[in-house]
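Residue numbers (the numbering used here): 1 to 270.
All C-beta atoms in this analysis are idealised placements derived from N, C-alpha and C, irrespective of residue type, glycine included.
Source: prediction; values computed, not measured.
These notes are about the structure you will find just below.
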């Protein structure tokens, strides 16, 4: 069943698909190769001012992608988690999170990945989740199709919260938000609740492995790739109050059918 709702991905033109999709594959390949070289090596961890971890793998991966972009598309902008913004006025901008899930990466857990998006005039027209250890490359094409290693995938048909699989990245972080009590009640209603989070949670929703994913305090490099990935699979992405996900930082992704029910549940007084 296809559900109609507002989408925030930009339209991917045929010429853009031909031009940029192969290059996205190149970026994913170079990033995941670097990350695999550092996995399970006891890589040193530095801590940023916001108390989030960063490693040499994060920095080297982003630098490698930036180098490729600068060589191929020198007029394109770049926004990355580790090295900030270049050419902010550019019409096309690559948005990079070299390791989304650095905490899992540094603790030898496999649920992390590289996030890559291409925006045009601020709207993401391509988005990818590249999983270094599994070889999965999940690509959202303008919010109209999502492919896993070239094969089209769709969200799961789940009409009720009671049948749903609910995910978040960190239970206590989510439970500590203003809507935290409502989220806990929602998770209790669900068939299953797990903290299979970061980009892996959105991978699960887009491929039909889960139905609801909620994440607090995300940044643009966390969000841009996820929007076309989930929307292209038939899902829906908004802020926690139903707004434009590209303008907020608390993200809700669902299979689409459950979205309004989840928004209502999170807004309900406890």
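By the criterion of a C-beta distance shorter than 6 Å, residue 110 is surrounded in its chain by 133, once the five residues flanking it on both sides are discounted. In terms of Cβ geometry, residue 228 and residue 141 form a close pair [threshold 8 Å]. Counting the other Cβ atoms within 10 Å of the Cβ of residue 241 gives fewer than 16, which makes it exposed.
Take the alpha-carbon of residue 222 and the one of residue 245: they are about 11 Å apart. Counting every other CB atom within 10 Å of its CB across the protein chains shown gives residue 31 a total of 16 or more, marking it as buried. The distance from the Cβ of residue 138 to that of residue 262 is about 22 Å, inconsistent with a contact at the 8 Å cut-off. Taking C-alpha positions only, residue 206 is separated from residue 154 by approximately 6 Å. Taken atom to atom, the span from the alpha-carbon of residue 84 to that of residue 78 is near 8 Å. With respect to the 8 Å criterion, residue 106 and residue 55 are classified as neighbours on the basis of their beta carbons.
Counted as a single uninterrupted DSSP element, the stretch harbouring residue 216 is not any beta strand (DSSP E), since DSSP gives it neither H nor E. Collapsing the DSSP output to three states places residue 124 in a strand.
In the DSSP assignment, residue 192 forms a beta bridge with 165. With a 10 Å radius around the Cβ and a threshold of 16 neighbouring Cβ atoms, residue 38 comes out buried. In terms of Cβ geometry, residue 75 and residue 90 form a close pair [threshold 8 Å].
CA-to-CA, the gap between residue 44 and residue 102 works out to about 12 Å.
In this structure, residue 234 keeps its C-beta atom at 8 Å or more from the C-beta atom of residue 254. Within the same chain, and ignoring the five residues on either side of residue 147 in sequence, the residues whose Cβ sits closer than 6 Å to its Cβ are 139. DSSP lists 47 as the beta-bridge partner residues of residue 53. Taking a C-beta distance under 8 Å as the contact criterion, residue 177 and residue 216 qualify as a contact pair. DSSP, reduced to helix, strand and coil, places residue 139 within a strand of the structure shown. Assignment of residue 242 by DSSP, reduced to helix, strand and coil, places it in the coil class.
In this structure, residue 20 and residue 126 form a Cβ contact; the two beta carbons are roughly 6 Å apart against a cut-off of 8 Å. In the DSSP assignment, the residues bridged to residue 151 are 148. Cα atoms of residue 257 and residue 194: separation of roughly 20 Å, rounded to the nearest angstrom. Residue pairing from DSSP places residue 92 in a beta bridge opposite 120.
Your pair residue 143 and residue 232 checks out as a contact, with CB atoms roughly 5 Å apart and the cut at 8 Å.
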